[in-house]
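Engineer: Following my numbering, the numbering of the sequence shown begins with 31 at its first residue and continues without gaps.
One structure coming up, written as structure tokens, with questions to follow.
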Amino acid sequence: MDNVELYHYSNKVQKRDAFRCLEEFGKKIKWRNFDKVLDIGCGDGGVTTGILKKFIPDNFKHLVGCDISHRMVEFANRHYGDERTSFMVMDIEGQIPRDLRGAFDHTFSFYTLHWIVDQEAAFTNIYELLGPDGDCLLVFLGNTPLFDVFRILSRRPKWRPYLKDVERFVSPYHDSQDPEKEIRRMMAKIGFKNIDVQCKEMCFVYKTMDDVKKAVSAVNPFRMSAELEEEFLEDYIHIVRDMRLIDQVNNNVDEAVNIRNNYTLLVAFGTK
Ligand SMILES: C[S@@+](CC[C@H](N)C(=O)[O-])C[C@H]1O[C@@H](n2cnc3c(N)ncnc32)[C@H](O)[C@@H]1O
31 MDNVELYHYS
41 NKVQKRDAFR
51 CLEEFGKKIK
61 WRNFDKVLDI
71 GCGDGGVTTG
81 ILKKFIPDNF
91 KHLVGCDISH
101 RMVEFANRHY
111 GDERTSFMVM
121 DIEGQIPRDL
131 RGAFDHTFSF
141 YTLHWIVDQE
151 AAFTNIYELL
161 GPDGDCLLVF
171 LGNTPLFDVF
181 RILSRRPKWR
191 PYLKDVERFV
201 SPYHDSQDPE
211 KEIRRMMAKI
221 GFKNIDVQCK
231 EMCFVYKTMD
241 DVKKAVSAVN
251 PFRMSAELEE
261 EFLEDYIHIV
271 RDMRLIDQVN
281 NNVDEAVNIR
291 NNYTLLVAFG
301 TK
């Protein structure tokens, strides 16, 4: 999951969705002067600076990206850090530094919170990080075939030792019948106001098997050698085929395919 160079070039879907959600939900955000903004799970910093920053008024005070991965933070600081933009290591599920409590006017998170097992701990931290009247916009995965394929692979003897803790990496909302209600209830319990949670049906079409492999590899949380990962990705593609997610495209180009990824995206907004 912390192959930062690969992630940097294989995150088209994450970028598209961050942009769409900011366009759709951005109007809910109450921008003020000299805002302090946090992006949780910033990864390589590409979405933080290439997409989120474009929605922030120019007179912001500070944009901070945080991530649990040292490699991601180091890459982001090297490529995108400047006098008002910086990146730091922080686990949103763990203990947050005391001096950051109430420090932000707006918190965002894109494609990260589905990795968090203790959802209430993370959402409570997000609430604590906000100052009075602060708001948050959180975008994360609900249901996706990616998690089904991981589960299928985890039952195979060859992959079982590597995918022992597969459930740790399946979205807590993957099997949920009503994720909107679950998240709304949790946010209300924590103290959030003006809560709006939406579960959106999405589709992304990959054009080549290689694109699928790169996208999966970029977020593959399971530790294995590069050689073994190549076999893992081959098996992944076989299952995608069995699940009939691949359409042959009749445009006279050999091997032309559409690989459909139908998934749900959860978008949660709330204020303090
Ligand atoms: C799929 S990437 C998303 C990166 C970026 N937000 C984007 O949209 O391109 C998910 C990121 O979440 C980070 N992450 C996972 N668990 C985390 C945690 N507990 N606290 C902070 N970051 C975490 C990972 O290191 C990874 O960089």
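A virtual CB, placed ideally from N, CA and C, is assigned to each residue, including glycine.
Going residue by residue through the region 64 to 90, where are the continuous beta strand (DSSP E) segments of at least 3 residues, counting only ones entirely within it?
Structural biologist: 66 to 70
Engineer: Closest to Met217 by C-alpha separation, out of Val249, Tyr236, Leu168, would be which residue?
Structural biologist: If we check each option's Cα against that of Met217, Leu168 comes out closest.
Engineer: Do the region 222 to 233 and the region 241 to 248 touch if we need at least three Cβ pairs shorter than 8 Å?
Structural biologist: no
Engineer: Look at the alpha carbon of Ser139 and the alpha carbon of Gln44, and state the distance between them as a whole number of angstroms.
Structural biologist: 11 Å
Engineer: Is the distance from the Cβ of Asp195 to the Cβ of His136 below 8 Å?
Structural biologist: no
Engineer: Name the DSSP beta bridge partners of Asp97, please?
Structural biologist: Val119
Engineer: Beta carbon of Gly76: closer than 7 Å to some heavy atom of ligand 1?
Structural biologist: Short note on Gly76: C-beta closer than 7 Å to some heavy atom of ligand 1.
Engineer: Given the structure, does Gln44 come close to ligand 1, in the sense that its CB is under 7 Å from one of the ligand's heavy atoms?
Structural biologist: yes
Engineer: Specify, as a first and last residue, the run of the alpha helix (DSSP H) that Ala298 falls within.
Structural biologist: Counting along the chain, no alpha helix (DSSP H) covers Ala298; the unbroken beta strand (DSSP E) around it starts and ends at 287 to 301.
Engineer: I'd like to confirm something about Gly303: is its beta-carbon nearer than 7 Å to some heavy atom of ligand 1, or not?
Structural biologist: With the chain represented from 31 up to 302, any question about residue 303 goes unanswered, as that position is not in the structure.
Engineer: Any idea what DSSP makes of Gly161, helix, strand or coil?
Structural biologist: strand
Engineer: Using 8 Å as the threshold, is the C-beta distance between Gly71 and Phe105 below it?
Structural biologist: Result no, Cβ atoms of Gly71 and Phe105 do not sit closer than 8 Å.
Engineer: Any heavy atom of ligand 1 within a distance shorter than 7 Å of the CB on Thr115?
Structural biologist: Because no heavy atom of ligand 1 lies under 7 Å away, the Cβ of Thr115 does not count as near it: no.
Engineer: At a cut-off of 7 Å, is Ser99 close to ligand 1 when judged by its beta-carbon and the heavy atoms of the ligand?
Structural biologist: yes
Engineer: Mind listing, in chain order, the continuous alpha helix (DSSP H) runs of no fewer than 4 residues lying wholly within the region 144 to 200?
Structural biologist: Every alpha helix (DSSP H) of 4 residues or more that sits fully in the region 144 to 200 is shown, in chain order, as 149 to 159, 175 to 184.
Engineer: Enumerate in chain order the residues of its own chain whose CB-to-CB distance from Met120 is below 6 Å, with the five nearest sequence positions on each side excluded.
Structural biologist: These residues qualify, in order along the chain: Cys96.
Engineer: Could you please give me the residues that DSSP links to Phe138 through a beta bridge?
Structural biologist: Asp69, Leu167
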